[in-house]
Amino acid sequence: MNRSRISARVRGIKPSPSSAAADRARVLKREGKSIVSLVVGEPDFDTPAHIRHAATKAMEQGATRYTMLAGSPELRQAIAAKLQRENGLSYDPKNIIVTNGAKSGIYGALEATVEPGDEVIIPAPFWVSYPDMVLACDGVPVIVQCPANQGFKLSPAQLEAAISDETRWLLINSPSNPTGASYTLAEYRALADVLARHPDVLVMTDDIYEHIRFDGNSTPHLLDAAPELRERVLAVNGVSKTYAMTGWRIGWIAGPSDLISALNTLLSQSSGNACSISQAAAVEALNGDQRFVSESVAIYRARRDRTLARINEIPGLSCSPPDGAFYLYVGCAGLIGRMTPSGTRLETDGDVAVYLLESVGVAVVQGSAYGLSPFFRISIAASQEILDEGTDRIARAVFELR
Ligand code: PLP
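At the far end of the sequence shown sits residue 411, using the working numbering, and the numbering has no gaps.
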């Protein structure tokens, strides 16, 4: 019998293209090539010292055992206080569950709710993991193209057209990876008016980049604009990006009791609680000194401004200023159809990414990975020196095209 040892579910998904691009850059580096990697999606800062010390202290004081599955009471209290203080959202800690990073929270929530054939609406450009997570849950990703001329955001008409009897979820990520686009309250209100006509559609808001934004405003939440949606919204967030804590793996979801309870049941039989020591660190991140957040955002902003200006000086490339997150989603339509010095025609943004890597050693991720082409994504979570070197090299590579 020729039965695959790997399930159809896993055969139907692919590894994260951004991890694949990062791995490719690492291999080339190890081979001795000079590589500038603009791929990574994590802060280049260390976790602030007061947060690290809280973890050490917790460990020394014996916080080394299982916690409650949904997270320690202290952390859920800190998250509830954060939601109230920063977002004006009032959640009882029992409506909050702590997960192993936002990623496993999103995946778990889909697993707990998606039946085979259920549709999940994903505006593109999207975070690379969403469609594959849906596929892994036997759902159907419904990708809606949201081009640059609509600010890379889903319009109410597009939402209306995408909803069917099979729709289970709408996934919203604001500010977005990869474009940095952030929905305004008015835009949320207009989407909520459509959702009002479709009461069975649930909404997951991925708020992981909420604090990394460049206009000095706070990021609005869908539930600010439409509090009536509360019983069908899961608000996902975590400490990874805001506090430079990607390795600690702490995320959370706030939402209605039935969904949180289903997720609790699922995680109790799969991952178990998030790391006890990381939870103690996350309490300090949320309750402690917040200066790191504004200081790091000021640095991202300076990098964004400078790198954006340099990219927009390169003929054939264009990028509009992102509202937030730490990426530039660079339009490369002007390079498509041009010839490399070795005589290859650039047909796709994938070809552009390969050309940049092979000709000048700059690693970027092609727009096709995010569902909207022709673009490539640059991460600005790298020092200004690296970003300058990267943009210089990109300019050189573009100059050589015929
Ligand atoms: N959501 C988005 C949009 C992301 O870009 C990422 C990380 O790249 C995550 C979620 C995952 O966050 P975490 O590290 O908390 O799992």
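The beta carbon of each residue, even a glycine, is placed where N, CA and C say it ideally should be.
For Thr-251, the CB stays at least 7 Å from every heavy atom of ligand 1. Counting along the chain, the unbroken beta strand (DSSP E) around Thr-176 starts and ends at 176-182. Taking one beta carbon from each stretch, the stretch 111-123 and the stretch 236-256 have 3 or more pairs nearer than 8 Å; the two touch. With a cutoff of 7 Å, Asn-273 does not count as near ligand 1, since its C-beta is closer than that to no heavy atom of the ligand. At a Cβ-Cβ threshold of 8 Å, Ile-181 and Asp-141 do not count as neighbours. In the three-state scheme derived from DSSP, where H, G and I count as helix and E and B as strand, Asn-158 is classed as helix. Between the stretch 316-328 and the stretch 231-238, the count of Cβ pairs shorter than 8 Å is below three; the stretches do not touch. In the structure shown, Ser-305 adopts helical secondary structure according to DSSP, grouped into three states.
Across the set Arg-39, Ala-145, Ile-387, Leu-243, the C-alpha of Ala-145 shows the shortest separation from the C-alpha of Ala-17. Distance from the CA of Thr-122 to the CA of Gly-21, rounded to the nearest whole angstrom, comes to 19 Å.
If you check the CB distance, Trp-257 and Ile-106 do not come in under 8 Å.
For Glu-128, the enclosing beta strand (DSSP E) starts and ends at 128-133.
Taking the CA atoms as reference points, Arg-347 sits about 13 Å from Leu-326. The closest heavy atom of ligand 1 lies less than 7 Å from the beta carbon of Ile-217. By DSSP's assignment, Leu-211 forms a beta bridge with Trp-178. Remark: C-beta atoms of Gly-370 and Ile-44 approach each other more closely than 8 Å. At the C-beta level, Met-68 and Ile-286 come within 8 Å of one another. Cβ-Cβ separation between Phe-161 and Thr-188: approximately 4 Å, consistent with a contact (criterion under 8 Å).
In this model, Tyr-336 and Ser-28 are separated by some 15 Å (Cα to Cα). Per DSSP, Ile-395 is not a residue of any beta strand (DSSP E); the alpha helix (DSSP H) it occupies stretches across 393-408. Of all alpha-carbon atoms in Tyr-338, Arg-177, Glu-219, Ala-271, the one lying nearest the alpha-carbon of Glu-124 is that of Arg-177. Residues of the same chain with a CB within less than 6 Å of the CB of Gln-93, apart from the 5 flanking positions on each side, are Ser-99 in chain order. Per DSSP, Ala-29 is one residue of the alpha helix (DSSP H) stretching across 26-39. With contacts defined by Cβ atoms closer than 8 Å, Val-373 and Val-48 form a contacting pair. Contact check for Gly-376 and Asp-358: beta-carbon distance about 4 Å, within the 8 Å limit, so the pair qualifies. With fewer than three CB-CB distances shorter than 8 Å, the stretch 148-161 does not count as touching the stretch 202-210. Short note on Lys-112: C-beta closer than 7 Å to some heavy atom of ligand 1. In the three-state reduction of the DSSP assignment, Ser-46 falls in the strand class, which pools E and B.
Residue side-chain check: Trp-261 keeps its Cβ at 7 Å or more from all non-hydrogen atoms of ligand 1. Distance check between Ile-403 and each of Ser-185, Asn-226, Cys-341, Ser-392 places Cys-341 closest, using alpha-carbon atoms only.
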